[in-house]
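Everything below concerns the one structure shown next.
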Amino acid sequence: MADWQIDLIKVVFIWVWALLIAVVMTWVERRASAMMQDRLGPNRAGPFGLLQPLADGIKLFTKEDIMPEKARKILFLLGPPLFALPAFSAYAVVPFGDKIVLGGKEIILQVSDVNIGFLYVLALGAIGVYGMVIGGWASNSKYSILGGLRATAQLISYEVPMGLALLTIVLLYGTFSLREMVLLQQGTFLGFLPNWGIFKQPLGFIIFLVAAYAEANRVPFDLPECESELVTGYHTEYGSMNLGLYLFGEYVNLGTLAAITVSLFFGGWTLPYVDMSKFLGPVAYGVASFMVFFIKQAFFLFLFVWVRWTVPRFRYDQLMGLGWKALIPLGLVNLFVTALLVQLTI
Amino acid sequence: MATETVCITTGPADVGDYVSLNIGPIHPAMHGTLRVITRTDGETILSAEPEIGYLHRGVEKLGENFTYKQFLPLTDRLNYCSAICNNVAYELAVEKLLGIEVPPKAQLVRTIMMELARIADHEVLVGILGVDLGALTPFFYLIIQREEIYEIFEWHHGARLTNSMGAIGGVEAPLPDRFHQKWPKMRDSIRRANDETDKLLTHNRIWMDRTIGVNAFCEEDALNWGFTGPMLRACGTRRDIRKDEPYLMYNEFDFEVPTGKHGDVFDRYMIRMLEMEESIKIIDQAYAMYQEMPDDAPLMKKVPKIIKPPAGQAYHAIESPNGELGFFIKSDGSDKPYRIKIRPPCYMIYQAFEELVKGEMISDLIACLSSINVIAGELDR
Amino acid sequence: MSLEQRIKDCLGADVVEITEFRGDVCVEIPKSRVIEAMTLLKEKAGFDFLSDVIGVDNMDLYAKAKKAKKKKKDEEEEEPKKEGPPPPRFDVIYLLLSLSRDERVQVKVRVPEDDMDVPSVTGLWKAATWPEREAFDMYGFNFTGHPNLRRLLMWDEFEDHPLRKDYPLEGKGEERHLNYDTV
Amino acid sequence: MPRRPVVKKEYTLGERVYLVEIAKGLGLTWKHFVFNIKASFRKGPHTVPTCWQYPEDRREIAPIFRGAHMLMLNNKAQELCVGCGMCAKACPAKCITVKRGKRAEGEEAKYAGKTYSASFQIDMLRCIFCGNCESACPKNALVLGPGYELAEYDMESCIYDKKKLLANYHQAKAEGKLKPPKKPVPVDAPPAPKKPAAKKATAAAKTAPKKAAGEAKTEKAEEKSAK
């Protein structure tokens, strides 16, 4: 197989994988929230209601696509894809496994190991804002525009602490490549802890996680679409598959953020204390590393759901306060301390 | 009580740059059919004008054309969260007009049912407040308890929501077997659900930030605006009609009246949480008294089949879950009331809505609306 | 001192009539003295809380009384005809409450049909804002001095006053047409 | 301009840092999550506290539930309704229309009374299920039954006629959901005032209640002394 064929397969695989996660997440969200709230959730479509996302998809596709009369037509249609595509694209640099040997060829389980993968992720996260803002503005509705405004302010504000938290990681590992970062997390730290980012950067992890919640518009930071105040915020006026794209994009975003959290702070596909490559065959090792990665990612996806159904929502000004008054100073302090420690130890 | 106050200053609402935002009548957070026309500067509210009447059904006009018995089912449709309180308030008003007092056993049954309704109402309110502030989960923990309470209602008089409980002159049935079987367990489960809500919300900083100091209101203003019930008690006035002008047998029960300090959303929430506990206490005491009564103790006062109160007018108020619920009835001696005026508690509170939310943010408007517990049914009548 | 006595002492000559029914004291005051009497009640007698403002249309009551009288007259056929000016058609009843004493009093003002002006008490209690608007809506009282006397429950274009006794229960076929801005 | 009391926020350290309380909350929802996961695998209806899987599992309905109306028959399968129209009078929604018919010769097996309801219609679109008709019925012939599935495809079938009302009865009887006979409510009556067929009900109402009120008071006093 030529390299481009392999790349194509990888792209398709990651695309399907991202979509699958998004689809299954809609089911997990509904069922898990139901279980937390003493309910059952959707359980009629298929076994355990597993076909519910499919039913939802069919429903969304068959709905009439309504466009508000005074909407900006092109921008209105541009909004949803602009929101969903960056979320998908960010998967490209996620290292979802170590390597697998197929047909005598060693294949790295990552679409492309860009040496600035890390910046790529941040940049794509920033593009996602446009989807919301444009969608909110183009619908020509006050609720939508408020949602869009909130989204802009929130996402731009929380990009700063996120960047700060990630900078410390960069300082620590001395690289921008996500794959190298994962590789550097093998072994142990202080003799007994896994050599994971979270143990080296606990504060950075918390800041990153909070910022990730804000980036993903999840409760407690779901202000752009907070249902009780702004109806559904920036996608109030959307229907049919345009709405579906927004909803899917959100879950894809969750998947990306979970994957990056795992890669940066939880050792990616590596297992602590155990080196799987030593006692597994080359094919089995590839699959196993992917599975390890997936389990870790699934935990974070579940955490997103779990937190959502536990806490209330922030108010707009409090959200900004948290971002600018707490997270950014903390992030700066963390950055300086880390820089100092790195400087002293090297 | 002199609390430190500040004047809320916002820009003028009629000049300059503002966005007029029409919230409701179709909006997820507008309980029922409320509508608020706001003018906002960014997210800050410059003015908020509530518009009501979307659910106006002319209950008072209907009442003038119905007999006294026929009007009872209509009172269910006022505050549908605690229909029993409306029923009993109306019955008490007519009984006052007739000059009768129902037998003590019937009074106890009414008391127990009313307190159960109060718990149900407060549970809905606290749950909805959580939902509007983004926490959906406590709502479900509370709503299960409400279902249990509704089951008791169903076994007592056959309906869950629109109860039409009792009749003028007493109640039709003693406490149902379900109540005897379930109450000890239910008491614990209500307490547990409240504890869980407490755990999820009260000390959570997000919740505290969202509620403490939001829509704080002065005591004098509250009295001037005619606030009653938990809203007034949250401002610091210890007023509860059950204590101050006891009706039924409330003077024989031992219970506390929780009061707040600032009249903010948090105080209102806490007062309702505490009142549920007090209601449980009242039910326990009433139940103990009820059990001492003989089985064949009368439940009904003998009233004529066609109720014709003597000409005159009377006003009777009870402490409904939201405040003073009064029925003013003027009789001309015929079998139909000459004039019925309902004094719904949330009506008086909701008229101060602009004062409550001015200078706050849109999110606080939603929180304020939920914490008032505006029920469109009794607001518009 | 009984409640009636205290109110009498407080209001003095303003009291037209005090009645008591089932423990509810109702004091009638002349329409022109509403603000003065209410201020006295609020500040001197301690009735510091306004519960509600209620409008009543007495039309049917008078018609009934007249009918009964006529019946009687037909039976007896003796009574001389004595027709004074018609009694005022409407009542406005203020429900006052004293928070410190936990007493309630109803203050009644009689309003004739040809002079619907009633002084507004919103200056004393803001609580009267909506009840007065509602009374205007339902009966057509003109509360002078009210900051915002518009219809409350019925829509703005509505012309009648539905709680008047001569308004039919089924309505007069009014329908609300919303004019949306369709530009 | 509205005034606002100044509220000083006093948070403990645990509250200030968000995470402690959120962790507690997470623990609570996790507890529910595990409990419900286990419960949802259990067999039987209503395993999870809030949910009834409706068409398959049904809640137990109280025997006195106020649902769809039914016209009762007595033990001899005779119709109890005499078509007096008291229910129509008592109805606040004015949804009942009754026509009275005289029992003809040879119809004794069908009707219990000398008259019967020639037609009986209840407009279920207007009905508010208050139960006034049931309590007004002198023969206990009209009863609000256990039926609560009232959805229909067209408006005509929402107007229940006699056939439907009797069918409701038969269905409820087959399911064993008929109401137990009503227990008479103990009434606290003044010692029967012997009045020659009180025409002036107002007068009766004026005198009787006062007596009654007095009695209630003495009763209360007795009860207190008994304690």
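Line by line, the protein sequences give chains A, B, C and D.
First residue of the first sequence? That's 50 in my numbering, and the numbers climb one at a time after it.
First residue of the second sequence? That's 56 in my numbering, and the numbers climb one at a time after it.
First residue of the third sequence? That's 59 in my numbering, and the numbers climb one at a time after it.
First residue of the fourth sequence? That's 116 in my numbering, and the numbers climb one at a time after it.
For every residue, glycine included, the Cβ atom is placed at its ideal position computed from N, Cα and C.
All values reported here derive from a predicted model rather than from experimental measurement.
Closer than 8 Å to chain C by CB, residue i
i, result
"Cys-423 of chain B", "no"
"Arg-297 of chain B", "no"
Residue i, buried or exposed, once every other Cβ within 10 Å from all chains shown has been counted against 16
i, result
"Ile-204 of chain B", "buried"
"Trp-167 of chain D", "exposed"
"Gly-129 of chain D", "exposed"
"Ala-343 of chain B", "exposed"
"Trp-145 of chain D", "exposed"
"His-235 of chain B", "exposed"
"Pro-378 of chain A", "exposed"
"Glu-115 of chain B", "buried"
"Met-340 of chain A", "exposed"
Coarse secondary structure for residue i, derived from DSSP in three states
i, result
"Arg-91 of chain C", "helix"
"Val-280 of chain A", "coil"
"Ser-338 of chain A", "helix"
"Leu-186 of chain D", "strand"
"His-211 of chain B", "helix"
"Thr-283 of chain B", "coil"
"Tyr-275 of chain D", "strand"
"Ser-161 of chain A", "coil"
"Thr-319 of chain A", "coil"
"His-177 of chain B", "helix"
"Cys-196 of chain D", "coil"
Within 8 Å, strictly: CB atoms of residue i and residue j
i, j, result
"Ile-165 of chain A", "Leu-158 of chain A", "no"
"Ala-372 of chain B", "Pro-301 of chain D", "no"
"Ala-187 of chain D", "Ala-256 of chain D", "Per the sequence presented here, residue 187 of chain D reads as Met, with Ala not at that position. Taking 8 Å as the Cβ cut-off, Met-187 of chain D and Ala-256 of chain D qualify as a contacting pair."
"Leu-369 of chain B", "Asp-387 of chain B", "Note that residue 369 of chain B corresponds to Ala in the displayed sequence, not to Leu. The answer is no: Cβ separation not under 8 Å."
"Val-83 of chain C", "Val-163 of chain C", "yes"
"His-338 of chain B", "Phe-310 of chain B", "Per the sequence shown, the amino acid found at residue 338 of chain B is Ile instead of His. No, the pair does not count as a contact, with Cβ atoms beyond the cut-off."
"Leu-303 of chain A", "Pro-129 of chain A", "no"
Cutoff 8 Å: residue i Cβ touching any chain D Cβ
i, result
"Thr-75 of chain A", "no"
"Asp-319 of chain B", "yes"
"Thr-314 of chain B", "no"
"Trp-238 of chain B", "no"
"Ile-397 of chain B", "no"
"Arg-88 of chain A", "yes"
"Ala-307 of chain A", "no"
8 Å Cβ cutoff, residue i in contact with chain A
i, result
"Val-163 of chain D", "yes"
"Cys-166 of chain D", "yes"
Any chain B beta carbon closer than 8 Å to residue i
i, result
"Cys-245 of chain D", "yes"
"Phe-363 of chain A", "yes"
"Asp-238 of chain D", "no"
"Arg-147 of chain C", "no"
"Gln-367 of chain A", "yes"
"Ser-188 of chain A", "no"
"Val-182 of chain A", "no"
"Glu-278 of chain A", "yes"
"Gln-24 of chain C", "Since the displayed chain C opens at 59 and closes at 241, residue 24 of chain C lies outside it and no answer follows."
Neighbour flag for residue i against chain G, beta carbons, 8 Å
i, result
"Ile-211 of chain D", "Any reference to chain G falls outside this structure, whose protein chains are A, B, C and D."
Residues of the stretch 310-338 of chain A in Cβ contact with chain D at a cutoff of 7 Å, in chain order, please.
none
To be precise: take each residue of the stretch 342-355 of chain B, compare its Cβ to all Cβ atoms of chain D, and keep it if any distance is under 7 Å. Which residues remain?
Asp-351, Ala-352, Pro-353, Leu-354 and Met-355
Members of the stretch 126-149 of chain D near chain A, C-beta cut-off 8 Å
Leu-134, Ile-137, Gly-140, Leu-141, Leu-143, Thr-144, Trp-145, His-147 and Phe-148
Where the stretch 357-386 of chain B meets chain C: residues whose CB sits under 8 Å from a CB there
If the cut-off is 8 Å between Cβ atoms, the stretch 357-386 of chain B has Gly-367, Gln-368, Ala-369, Tyr-370, Ala-372, Glu-379, Gly-381, Phe-383 and Lys-385 near chain C.
Below 8 Å between beta carbons is the criterion; list the residues of the stretch 340-359 of chain A that meet it against any residue of chain D, in chain order.
Trp-355, Val-356, Trp-358 and Thr-359
Positions along the stretch 404-419 of chain B whose CB lies within less than 8 Å of some CB in chain A
Met-416, Ile-417, Ser-418 and Asp-419
Listed in chain order, which residues of the stretch 238-272 of chain A have Cβ atoms closer than 9 Å to some Cβ of chain B?
Val-268, Pro-269, Asp-271 and Leu-272
Under 9 Å, CB to CB, which of the residues in the stretch 249-279 of chain B have a partner in chain C?
Result list: Asp-276, Leu-278 and Asn-279.
Determine which residues of the stretch 220-236 of chain C have a Cβ less than 9 Å from any Cβ of chain B, and write them out in chain order.
Pro-220, Leu-221, Lys-223, Tyr-225, Leu-227 and Gly-229
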